[in-house]
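Asks: Can you read through this structure? Questions will come right after.
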Amino acid sequence: MTWLKIAELKNNLKQGNLSNVYLITGKERVFIKEIQMAFKDIMSSEERDMNFSSFDLEEVALADVINEAISAPFFGERRLVFVEHPYFLTGEKVKNAVEQNPDLLLKYIQNPTPSTIMVIFASYDKLDSRKKIVKQLKKSAVTVNAGQMEGPILTRTINNDLKNDGYQIEPAALDLLVNKTKGNYSLIINQLDKLKMYALQSKKINQAAVSELVPQSLEDNVFDLMTEILNKNIYKAEELYNQFLLQKIDPILLVAIIISQLRLLIQVKIMSERGLSESSIAKNLRLNPYRVKYSYRQARTLDRKRLQVMYGDIVNLDYQIKSGQGDKELLFDLFIAKFA
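Here's what the structure looks like:
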């Protein structure tokens, strides 16, 4: 198995050091687009018109992909084939997807057409390493990771991106930006455009700008609600809850998010008490480090028994609502009153 960094891949492609099968893992859209452009750049626009194809395996049969891959290039040296959404590499079940025969791809990658470059984009959290096709891909394909950057690498990249454009960002503002976007570099890039417009004169992005211009996700807003409940600030908690109701957000959804967040807080609390670091906890739980980071900070100040009692009550509330034992808005309001 050969692993390449994106920079190494781009350098190899420029030098004409090509392989026949590539496996691109990870879900960072900025990197995936960068990789796609790097492959397309090895062909002229005329060659691409004749010899480039892209297939979505949720909609197109593998047989059509293989037929394209084994075809000789038309007025060119090579054929380039992109393969997207190979869902059968995972343990996931996709509704309404075309049923595929992975053995077709298995046979092809064991003996690929020399004039064809096949690039498989497996943008999933995890591949099923027990499957024959996944084992063969890891053995035969050149693998490139297009996953999220983490920690210092991410912050350094953002700072460098801004510096190249003549901007600076305050450390607190950068921390908030990363938190609001869950460390997703693609989302960060999207948000930086308006932040740079906001700071066009000063060339400095501050925390107030990030707070005002970068929206919070629903999960973050529910996290704020849960924080107010845990801090026993009933007035603020009720205010936030009423805002959710005005936005017509179903209490069932709020309950589901709080269950997930409380479970994480308890897990982080237990692991931190056992001496595990933030990075170790993130690795053990297979979670985004930035999600663990803020849970880690909050968990340190909370009583585990209270968290467990609250978790038991929210799970019971979920059952009460789904079994029709009362008005869901009132039941959630009573939950707030009990703990805040």
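Under numbering that gives the first Met the number 0, the residue at position 56 of the sequence shown is numbered 55, and the numbers go up by one with no gaps.
Every residue, glycine too, gets a C-beta built ideally from N, C-alpha and C.
Determine the direct distance from the alpha carbon of Met309 to that of Gln190, and round the result to whole angstroms.
Replies: 36 angstroms
Asks: With respect to the alpha helix (DSSP H) encompassing Tyr293, which residues constitute its N-terminal and C-terminal limits?
Replies: 288 to 298
Asks: As a quick exercise: from Glu98, Val80, Glu91, pick the residue whose alpha carbon is nearest that of Tyr107.
Replies: Val80
Asks: Let me know if Gln14 comes out buried or exposed under the rule of 16 or more other beta-carbons within 10 Å of its beta-carbon.
Replies: So Gln14 counts as exposed.
Asks: Label Phe74 either buried or exposed according to how many other C-beta atoms from any shown protein chain fall within 10 Å of its C-beta, with 16 as the threshold for buried.
Replies: In the assembly as shown, Phe74 is an exposed residue. Its beta-carbon has fewer than 16 other beta-carbons within 10 Å.
Asks: From the DSSP output, in three-state form, read off Val141 for me.
Replies: strand
Asks: Asp55 bridges to which residues according to DSSP?
Replies: Glu83
Asks: State yes or no: is the C-beta of Ala121 within less than 8 angstroms of the C-beta of Leu22?
Replies: yes
Asks: Can you look up Ala121 in the DSSP assignment and give me helix, strand or coil?
Replies: It is a strand residue.
Asks: Output the boundary residues of the beta strand (DSSP E) element that contains Tyr21.
Replies: 20 to 24
Asks: If you follow the alpha helix (DSSP H) that Leu342 is in, where does it begin and where does it stop?
Replies: What is shown of the chain runs 0 to 339, which leaves residue 342 out entirely.
Asks: Give me, in chain order, the residues of the same chain whose beta-carbon lies closer than 8 angstroms to that of Val213; leave out the 5 immediate sequence neighbours on both sides.
Replies: Leu175, Leu176, Lys179, Thr180, Gln190, Leu194
Asks: If you run the structure through DSSP and keep just helix, strand and coil, what is Leu306?
Replies: helix
Asks: What's the gap between the Cα of Val346 and the Cα of Ser259?
Replies: Here the chain comprises residues numbered 0 to 339, so residue 346 is not present and cannot be evaluated.
Asks: The alpha helix (DSSP H) that contains Gln109, what's its start and end?
Replies: 101 to 109
Asks: Starting from the Cα of Lys131, find the closest Cα among Asn110, Ser185, Ile116, Leu104 and give me that residue.
Replies: Leu104
Asks: Taking DSSP's pairing of strands, which residues face Leu3 in a bridge?
Replies: Its beta-bridge partners are Val143.
Asks: Where Met117 and Val20 are concerned, what is the direct C-alpha to C-alpha distance, given to the nearest angstrom?
Replies: Cα to Cα, Met117 sits roughly 5 angstroms from Val20.
Asks: Just to check my reading of the structure: Glu57 and Ala96 have Cβ atoms closer than 8 angstroms, yes? What is that Cβ distance to the nearest angstrom?
Replies: 4 angstroms
Asks: Go ahead and pull the three-state DSSP assignment for Gln200.
Replies: Correct three-state label for Gln200: coil.
Asks: Please say whether Arg303 and Ile265 have beta carbons closer to each other than 8 angstroms?
Replies: yes
Asks: Suppose you measure from the CA of Lys125 to the CA of Leu12; what does that come to, to the nearest Å?
Replies: 27 angstroms
Asks: Going by alpha carbons, who is nearest to Ala60 out of Ser43, Phe87, Leu301?
Replies: Phe87
Asks: From the DSSP output, read off the bridge partner residues of Ile116.
Replies: Leu79
Asks: Here's a check: name, in chain order, each residue in its chain whose Cβ is nearer than 7 angstroms to the Cβ of Met148, leaving out the five neighbours to either side.
Replies: Thr156, Tyr184
Asks: Identify every residue that forms a DSSP beta bridge with Ile256.
Replies: In DSSP, Ile256 forms no bridge with anything.
Asks: Measure the C-alpha to C-alpha separation of Arg78 and Pro111 and round it to an integer number of angstroms.
Replies: 12 angstroms
Asks: To the nearest whole angstrom, what separates the beta carbons of Phe51 and Ile228, a pair I think is in contact under 8 angstroms?
Replies: Rounded, the Cβ-Cβ distance is 54 angstroms, inconsistent with contact.
Asks: In angstroms, rounded to a whole number, what distance separates the CA positions of Gln242 and Tyr123?
Replies: For Gln242 and Tyr123, the distance between alpha carbons rounds to 34 angstroms.
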